[in-house]
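Novice: In the numbering used here, the protein residues as written are 38 to 290.
1) Could you name each continuous alpha helix (DSSP H) segment of 4 residues or more that falls completely within the region 212-282, going from the start of the chain to the end?
2) Among the candidates 99, 231, 164 and 107, whose CA atom is the shortest distance from the CA of residue 187?
3) Would the beta-carbon of residue 93 fall within 8 Å of that of residue 290?
4) According to DSSP, what are the bridge partners of residue 137?
5) So, under 8 Å CB-CB, residue 110 and residue 91 are touching, yes? Tell me the CB distance rounded to an integer number of Å.
6) Whether or not the region 134-147 and the region 183-198 are in contact is what I'm after, with contact meaning three or more pairs of Cβ atoms, one per stretch, closer than 8 Å; do they touch?
7) With DSSP as the reference, please indicate the residues paired to residue 106 in a beta bridge.
8) Could you compute how far the alpha carbon of residue 118 sits from the alpha carbon of residue 228?
9) What first and last residue would you give for the alpha helix (DSSP H) that runs through residue 145?
10) In three-state DSSP terms, what is residue 185?
11) Exposed or buried, what is residue 375 when buried is set at 16 or more other beta-carbons lying within 10 Å of its beta-carbon?
12) Mapping the DSSP letters down to three states, classify residue 174 as helix, strand or coil.
13) By a C-beta neighbour count over all protein chains shown, 10 Å radius and 16 as the cutoff for buried, is residue 169 buried or exposed?
14) Identify whether residue 111 lies in helix, strand or coil by the three-state DSSP scheme.
15) Decide if residue 266 is buried, meaning its Cβ has at least 16 other Cβ atoms within 10 Å, or exposed.
16) According to DSSP, is residue 169 part of a helix, a strand, or is it coil?
17) So, at 6 Å on beta carbons, what are the nonlocal neighbours of residue 202 in its own chain, with the 5 sequence-adjacent residues on each side left out?
18) Less than 8 Å between the beta carbons of residue 230 and residue 241, yes or no?
19) Looking at the secondary structure, which residues open and close the alpha helix (DSSP H) in which residue 120 lies?
20) So, with DSSP's three-state summary, where would you put residue 152?
21) How would you label residue 210, buried or exposed, when you count the other beta carbons within 10 angstroms and need 16 or more for buried?
22) Looking only at its chain, what residues have a beta carbon closer than 7 Å to the beta carbon of residue 125, apart from the 5 residues adjacent to it on each side?
23) How would you call residue 104, buried or exposed, if buried means at least 16 neighbouring beta carbons within 10 angstroms?
24) In the structure shown, what three-state DSSP assignment does residue 77 receive?
25) DSSP on residue 92, reduced to helix/strand/coil?
26) Given residue 145, which residues of its chain have a CB within under 7 Å of its CB, disregarding the five upstream and five downstream residues?
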């Protein structure tokens, strides 16, 4: 699983997210009362939904079995591109997993609710998409994961994220266990379309076709830049996958 390099959009997002995280660290019972395993003091538990711990290893498999495909969409929601991705998925009859950045979810709660209403699943992609998270302290990792969980849950109207995807694949044993203790299965990917690099639609489609045998989880993005290539690639990839006998599901939990 390749680790993505930092990008200009994410650098600006990180700067904004650090401010949100610093404020949340002082005011959020989710973060301020978190112990090293993600537990809560009794008074905090009463303020949140009960959660069931899940496995802490990084998931790749599909709940649809060996011919299942997981479409995952990262970095949103975005007011321009997310609605177009949702429309395309609806037209195709495909459900996806949306890995949301906390600050984006907080800014566009109506889009988070739309994702849920359309039958897709939510994934925690941290507060500010720091691809160097694996070099930071456990306290910092906790703030990034738990505050994003809170932001996404609040934006959705109470629906919690079921997965955690580390930015750029920057997982640590601590972050995986913390997410799992909150009921969020760590989520990897098998096929990276590299759509954030704008490689061209033909290259993105060719990547999916050549690499899908390596595993079922495909990575796309609906934020962080212009995403017309992503939309065009999805329009080609989704029917092709159906023609090959694949079905679309969600990552295992």
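We put the CB at the ideal spot given by N, CA and C, even for glycine.
Specialist: This is what the structure gives:
1) 238-248 and 265-280
2) As a first step, residue 187 is located in the chain shown; it is residue number 150 there, counting from the start. That would be 164, whose Cα lies nearest to the Cα of residue 187.
3) As a first step, residue 93 is located in the chain shown; it is residue number 56 there, counting from the start. As a first step, residue 290 is located in the chain shown; it is residue number 253 there, counting from the start. The answer is no: Cβ separation not under 8 Å.
4) Position 100 of the chain shown, counting from 1, holds the residue named residue 137. Answer is 161, bridged to residue 137.
5) Within the chain shown, the letter at position 73 stands for residue 110. Within the chain shown, the letter at position 54 stands for residue 91. The pair is not a contact, with the Cβ atoms about 21 Å apart (cut-off 8 Å).
6) yes
7) Indexing the chain shown from 1 puts residue 106 at position 69. Per DSSP, 285.
8) On the chain shown, residue 118 is found 81 positions in, with the first residue counted as 1. On the chain shown, residue 228 is found 191 positions in, with the first residue counted as 1. So the alpha carbons of these two residues sit roughly 21 Å apart.
9) Numbered from its first residue, the chain shown carries residue 145 at position 108. Run containing residue 145: none; DSSP gives neither H nor E here.
10) By one-based count along the chain shown, residue 185 stands at place 148. It is helical.
11) Outside the displayed range of the chain (38 to 290) lies residue 375, so it cannot be described from this structure.
12) By 1-based counting over the chain shown, the position of residue 174 is 137. Looking at residue 174 - three-state DSSP - the assignment turns out to be coil, as it is neither helix nor strand.
13) One-based indexing of the chain shown puts residue 169 at position 132. Counting Cβ neighbours within 10 Å, residue 169 comes out exposed, since fewer than 16 surround it.
14) For the purposes of this step, residue 111 is taken as residue 74 along the chain shown, with counting starting at 1. Looking at residue 111 - three-state DSSP - the assignment turns out to be strand.
15) Position 229 of the chain shown, counted from the first residue, corresponds to residue 266. Buried, by the Cβ-count rule.
16) Numbered from 1 along the chain shown, position 132 holds the residue referred to as residue 169. Residue state, collapsed to three classes: coil.
17) Within the chain shown, residue 202 is the residue found at index 165, counting from 1. Cβ neighbours of residue 202 beyond the five flanking positions: 136, 160, 162 and 224.
18) Along the chain shown, read from residue 1 onward, the residue named residue 230 stands at position 193. Along the chain shown, read from residue 1 onward, the residue named residue 241 stands at position 204. In this structure, residue 241 lies closer than 8 Å to residue 230 by Cβ.
19) Residue 120 sits at position 83 when you count from the first residue of the chain shown. Note, residue 120: alpha helix (DSSP H), 118-129.
20) Taking the chain shown and counting its residues from 1, one reaches residue 152 at position 115. Looking at residue 152 - three-state DSSP - the assignment turns out to be helix.
21) For the purposes of this step, residue 210 is taken as residue 173 along the chain shown, with counting starting at 1. Its Cβ having fewer than 16 others within 10 Å, residue 210 is exposed.
22) As a working mapping, residue 125 is identified with position 88 in the chain shown. Only 268, 271 and 272 meet the Cβ criterion.
23) Residue numbering aside, residue 104 sits at position 67 when the chain shown is read from its first letter. Exposed, by the Cβ-count rule.
24) Translated into the one-based positions of the chain shown, residue 77 becomes position 40. Caution is warranted here: a pLDDT of 40 is assigned to residue 77, below 50, making its placement in the model unreliable, and no coordinate value can be reported.
25) By one-based count along the chain shown, residue 92 stands at place 55. Residue state, collapsed to three classes: coil.
26) Taking the chain shown and counting its residues from 1, the one referred to as residue 145 is at position 108. Cβ within range, chain order: 114 and 116.
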